[in-house]
Structures are given as C-alpha cells and as structure tokens.
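In this text, residue positions in the sequence shown follow the numbering used here: the first is 4, and each later residue adds one.
Accompanying notes for the structure given below.
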Amino acid sequence: MIEWGVTMGYVNLYKIDDNKQLEFTQLLQEKYEFIGEQEYKSLHDKDRKYIVGTYLYRANDSKIPDWQWILDEYECDKVKIYSSPRAILKIESDGIIYVISYGLAYFSVDKYCDVEFAFEFAKRIAFNEIKTTTLTAPNSRKNKIVNVFVDYSNLSYESGESYAKIKARMDTGKEKRLFKETIEIGHSIKAQLIQNNIDSIIEFIEYIEMTLKKPIINKIPVFGKVKDDELIADLDERLHKKINDNIDCINISELDVIGVTEIFNNNDSSFVLKYKRAHENIESLTKDAIMHFIETNKINIEKDFFNIKIACLKYEQIVCTYNIKRVIDFTDDERKCVLIKGEWYQYNSDYIAYLQESIKELDVIYDSKYDFTDNKLKEYVSKKFDIEKDSIEYHGMTSKQIKDRLSKKYYAERVYNCVLSESYGFENYDRENTSVQGEKLELMDLYKSETMFAVKIGNTSSKLSYVVDQSMASLEMYKNGQFPSMPSINTVAVWIVLKRKNKLPMYDGKPDISKLNMIMLKNRLDEWKKSVRVAGYTPVVYLNYWES
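Structure, rendered in structure tokens:
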C-alpha cells in the first residue's frame, strides 16, 4: 500500500456522470499520461474493491512570461515558465467513477461530472456556519450572486435563485477524525482530510455514499437537470432559432463556478475564440467580444454559431476548450427550462407554483382606451407627414422618402407615449435625458399622479423584461437623488403593451398575468415588486394590448 504522507491535504472530489464515463476515459487516454494503478479494499464491505489510478498532465513546452520586459531592464537572463502541473486520481468501483483533481485538472474534469452529486450530499448534512454562497439567478439582473456571511447558519435565497456553491462549516460528528469541518460544495466536494493517503480518500467516499442514503434535512434550491433526449434536442433547436432571430436573447455570465472554484471571466483567465482556422485572443469573455469575432470572420450565425470554440488560458497555457454553448445563459419560457454551462435544467413545480402566486398578488390595471393598433400608428405617422413634410430637413426628398424617414422617427413606443401624453394627460419624459456624471440617462417614459412609468411594447420575455430592468434602474437613481428636478412619486409602474390578439383571462377583476408563458418576465417582475416595496413605494403593472 502506498502512503502519501501524513500531513493534512485537500481533496476535490467529483463523481463522473454515468453517461459520460466513456468520454472521460477517452480524455485521460488522449491528454494525460498513465502513471499506474493499484487495487484497494473497501473499509466496510469485504467484497468491494477499488481500482485507483493516477494520471499526470505534462506540458510539452515552456514560454517566456509577458512580464519578461521588466527583467530585461536589468539585463536579466530569460525566464521560462511551464504550465501548472495537473494530476487526476481516478477511483473506480462497482461501475462508479470518482475523481480527485489536482492543480488545474478541475477544468478538464468538470464538464464530465455528475452535477447533482455534491448538492445531494449537501442536502443531507448539518451546517454549523455558512461562510460563503454563490447563487445563479438566470432571470435576474444579478445573474450570479456571491454572498459572504459572518456568524450565519441559515441557507437563504430569493425566488428564481439556484445554488452554484456553498462554503460552510459542517457538523462532522464522529467523522472529525477523518476530515476538517470546513467543506465546499459545488459540482464537486472539497474537504481537508486529516491523513493524506488513499485509505482516507476511500473512507471519505464511503462516508459520502452512506450520507446520500439518509433523509434530506436542508432545502437547497437547485435546478433539475433535463434528462429526456427528445426534450434536449427540442430545446437546442429552439435556442438555435432564437439566436438566429436575435442574439440579444442570450447572456454571457462574467462569473462561473468550476468544481468549487469561482472563475471571473473578466480577470481570472484569458481566452481564445476559434472557428475553423480563425482565432482571436481576448482578455474578457463578453457578448461584445464574441460578436466582434463573428463579424470579423463573417461567421453565419444560423449555420455555424455553435461551431465556435472557446479555449480558456491560465498562466498563458490552454487548460480546457469547450463549445460556445457552455458559456450561454438562456431561458426558454415556453418549456420552463434554463441553459447553464451547456446543460439544460428545469424549474421544479414548487418554484413554478410560488412564482404564479407571487405574480397574482401584483396590482394590475387594464383600461381598454389605452389599447393600440398598427392602423393607429399609421394614422399618427400620416398626420405627422401632413404637418412636417414641408420642413427644411426634408427639402429635396420625395414623399416616399419623407414617409420612410418619419416611420423611423415615430417608432411604436414613441408614438404610444405621445398619444398618451396628447390625449390622456400624461407627462411625456420619453427621450428626455439628464446628464449624470457625464452619462445621459432617461429616468422614465411617462409621469402622472405621482407615478413614474416605464413603457415597453412586445411579445417576448427577453424584450419585455427590459422594461422591468429600466424601472429598477430608474428607481435606484431616483432614490439616490440623481434627478433633483424629478417630480415626487409614491408609485412605480411598468406598462406592458402586449402584441397579441387574444386577451389574458381575468383574475379577481384584473388581467391574470401569471398566465403569461414568460417565466423570465415573471421572475423579473417578482424581483422588481420586492425592490419597489423595500424602497417604500407601491408597485403597479399597467397592461394593454397592441393588435396588428
């Protein structure tokens, strides 16, 4: 038996997804050098055996660091650096594969892991103190949230949030002889073993397996992974169509959790975007950087978007390469699924029920006189043509050219706000900007009776969610006194103008917006409702319809 020393050492333990074992084995064969393996016996089951293999990644080259120029000032010899060493310990028993990663090997292992393994364990252990939590909120302005606690022992979260990582002190009980009480939970389980040897690792695995058989004691919201191949194929196809229609439907998160490590995509790593022979080095992984790469290389979004690859660099060495799908955050409203790290997840029924009740609680106002149509828009633009056609700015233009220019000038939302102002006594603040620290900002679209309105017309979650974000940003600026000339308010309203023929059913005398098949929008409204109330104002939703 090999002893690996007696000092305490950290283990970063993964369980490989049963459906990805073959792919993972191929990774080891292609990228890692096999050092050797030995057989170990179970500590609790005399018939169970473990095959423990060690794999090492060795860089084939060295590089001169980009800060060599500093040393050149002193005529110092060239310094060469090697990529950080990486090793993998593979523990296989009864058809299950566990992996312990060392160095930067977690980048390689993470995409093959069972993503539910660590949190299923966390649901069944007692926590004495919560240190930090990282949460995913795909339908919130705060896409990822990192919380740091002092003297806190509860797992707290808001609607629409799912845990991505927990770092805490747990009640180890009699297992304190095996590992220290601080533990990290993400896609992997990270703990500090008292004895740094193979026997301790196997005992730690068997402790986890026994714990997984116990009842759940912690309610930890995590999205359930979609396992239906037909549904996954349908979701992929729908995502492809959405991106082709409007790439703004996706988000690129600046924070990722690999194993139990938070990776900030704007400063922890650099990246290389790849498509066929084209490649581009970027410092920050953002939607703008990706769009620049697509436009520069004339990539057809409809055909080739998902053929773009991203290589992640640490210490100037590529540590992993993955498909662009893995960095996309996207919500499919109709299927009630979210895409996180390249995998599809579903909202569970408890969360959907909670969200429905929360949205039903909102005060929703509908007045048919504010409904609008395409014909009314055309009439308004035609009226403006009669008034403005002789203006000097249209000198020398044909009637058709003038009408085309006016159609762009008087777009749907501008006309809607103008009509409400001209016919119904609203004050129109649309396109009125105030400079705040050199930046021009629009506080609101309309104002009336101490109510500030943000207005949006549309028929998709991604488009209508913008009006909620606008309202929340405006409220924050108003509270901070950034608009001193702003009239006083007691109510904050979002005005949603739905482009649809069929009206929503009524509930308790008001349109039932919980029936909207827009989970992203409803998540945003739930968050907005709480923020407005905390600020001391009344949240109200105005709803109208725009018929084509």
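Think of the CB as a built atom: it goes at the ideal place given N, C-alpha and C, for glycine as much as any other residue.
Sorted by chain position, which residues of the same chain lie with C-beta nearer than 7 Å to residue i's C-beta, five sequence neighbours on each side aside?
i    : result
K44  : K52
A121 : I188, G189, H190, S191, I192
A125 : I169, I188, N221, I223
Q493 : According to the sequence shown, residue 493 is Asn rather than Gln. E453, Y540, T541, listed in sequence order.
T10  : Unreliable placement is indicated for T10, whose pLDDT of 46 sits below 50; no coordinate value is reported for it.
A171 : F130, E132, I133, K134, I186
E123 : L215
Please list, in chain order, all residues of the same chain as residue i whose beta carbon is under 6 Å from its beta carbon, the five residues on each side excluded.
i    : result
V439 : Residue placement at V439 is poorly supported in this model, since its pLDDT is 46, which falls under 50; the coordinates still yield a value, given next. Same-chain partners within the cutoff: Q485.
E6   : No answer about E6 holds up, because its pLDDT of 42 lies below 50 and its placement is not dependable.
G8   : Confidence in G8 is poor, its pLDDT being 40 and thus under 50, which makes the residue's placement too unreliable to answer from.
S452 : none
Y397 : I405
K344 : R329
F429 : L423, L449, K451
M521 : D336, S464
K361 : Note on residue identity: the sequence assigns Ser, not Lys, to residue 361. Closer than 6 Å at the Cβ level, and outside the excluded window around S361, lie D529.
S468 : M523, L524, R527
L552 : Because residue 552 is not part of the residues shown, which for the chain are 4 to 551, the question remains open.
Helix, strand or coil for residue i per DSSP?
i    : result
N22  : helix
I128 : coil
D332 : strand
I499 : strand
C340 : strand
D117 : coil
A140 : coil
M523 : helix
Y540 : coil
C421 : helix
C252 : helix
E442 : With a pLDDT of 49 at E442, under the threshold of 50, the modelled position of that residue is not reliable, and no figure is offered here.
S273 : strand
Y548 : strand
L242 : helix
V153 : coil
I204 : helix
I223 : coil
M3   : The shown model of the chain, from 4 to 551, leaves out residue 3, and the question about it has no answer.
A356 : helix
F429 : coil
N310 : helix
W347 : strand
Could you round the C-beta distance between residue i and residue j to whole angstroms and report it? I think they count as a contact, below 8 Å.
i    : j    : result
T137 : K177 : With 8 Å as the limit, T137 and K177 do not qualify as a contact, their Cβ atoms being about 30 Å apart.
L557 : F207 : Examination of residue 557 is not possible in this model, given that the chain is present from 4 through 551 alone.
C116 : Y13  : That pair is no contact at about 17 Å.
V322 : F110 : 4 Å
L365 : V535 : At roughly 10 Å, the Cβ-Cβ gap does not stay under 8 Å, so L365 and V535 are not in contact.
E346 : K228 : 6 Å
L316 : F274 : 7 Å
E184 : S156 : Not confirmed; about 13 Å, so no contact.
L30  : T57  : At roughly 15 Å, the Cβ-Cβ gap does not stay under 8 Å, so L30 and T57 are not in contact.
L59  : A90  : 5 Å
Y278 : N303 : About 10 Å; that fails the 8 Å criterion.
L546 : V367 : 6 Å
I148 : Q24  : Their Cβ separation, rounded to whole angstroms, is 33 Å, which puts I148 and Q24 out of contact at 8 Å.
Quick one: residues in its chain with C-beta nearer than 8 Å to the C-beta of residue i, no 5 flanking neighbours on either side, listed in chain order?
i    : result
M509 : D515
V470 : A457, V458, K459, V497, W498, I499
E442 : The pLDDT assigned to E442 is 49, lower than 50, so where the model puts this residue is not dependable; a value taken from the coordinates is nonetheless given after this. Cβ neighbours of E442 beyond the five flanking positions: none.
Q32  : none
R127 : T214, L215, K217, P218, I219, I220, N221
Y383 : Y413, V418, C421, V422
Less than 9 Å between the C-beta atoms of residue i and residue j, yes or no?
i    : j    : result
I285 : I311 : no
D2   : S465 : Absent from the model: residue 2. The displayed extent of the chain is 4 to 551, so no value can be given.
L501 : N462 : yes
F296 : A281 : yes
D113 : I261 : yes
D433 : C421 : yes
A538 : K482 : yes
S477 : W531 : no
V151 : E95  : no
F308 : N254 : no
F340 : L238 : The sequence as given places Cys at residue 340; Phe does not occur at that position. Yes, the pair counts as a contact, with Cβ atoms nearer than the cut-off.
I103 : N15  : yes
Y357 : F226 : no
Please report whether the beta-carbon of residue i lies at a distance below 9 Å from any beta-carbon of chain C.
i    : result
D117 : Although the question refers to chain C, the structure presented lacks it and comprises just one protein chain.
Using only the heavy atoms of the ligand PLP, determine whether one of them is closer than 8 Å to the beta carbon of residue i.
i    : result
D393 : Inclusion of the ligand PLP in the displayed structure is not the case, the ligand content being empty and no account of it being possible.
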